Amino acid sequence: MAVNSQTRSRNDPNTLGGIDDIFGIRLVVSTRVSQGHAAVLNSKIAVNIVRRCDLEIMANPHAGSMFQCNQIHYRAEIRSRSA
Numbered sequence: 049m050a051v052n053s054q055t056r057s058r059n060d061p062n063t064l065g066g067i068d069d070i071f072g073i074r075l076v077v078s079t080r081v082s083q084g085h086a087a088v089l090n091s092k093i094a095v096n097i098v099r100r101c102d103l104e105i106m107a108n109p110h111a112g113s114m115f116q117c118n119q120i121h122y123r124a125e126i127r128s129r130s131a
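If you use this note's numbering, the sequence shown closes out at 131, no skipped numbers anywhere.
Laid out in structure tokens, this is it:
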């Protein structure tokens with residue numbers, strides 16, 4: 049799991065927050081889960097996501113050498129914020 053400083057502040061989603069917690073929950077980074085344990089997220093009580101924009105799909109058929117190989121670069125995203 050890659051963690052960087054791009055997490056958003058819980059109280060102001062337009063500013064960067066710290067990397068020690070996400071939505072007020074302490075962040076623990078591990079590559080393993082012990083046998084007999086599980087990670088569970090109930091998004092109905094833990095996080096409320098509000099979509100700010102609809103799905104946006106972009107295509108760029110002229111990106112660098114991709115044009116010569118008849119390749120198209122696609123990107124799809126939905127912008128959202130925590131409520």
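Ideal Cβ placement from N, Cα and C applies to all residues, glycine included. From a predicted model like this one, the values you see are computed outputs, not experimental measurements.
Out of the options, which one is the CA nearest neighbour of residue i?
i    : options          : result
H110 : H121, R80, I126  : H121
M106 : G112, R123, S113 : R123
Tell me where the beta strand (DSSP E) around residue i begins and ends.
i    : result
I105 : 104 to 108
So if DSSP puts residue i in a beta bridge, which residue, or which two residues, is it bridged to?
i    : result
R123 : M106
Rounded to a whole number of angstroms, what is the C-alpha to C-alpha distance between residue i and residue j?
i    : j    : result
I126 : C117 : 29 angstroms
Q119 : E104 : 20 angstroms
G112 : C101 : 29 angstroms
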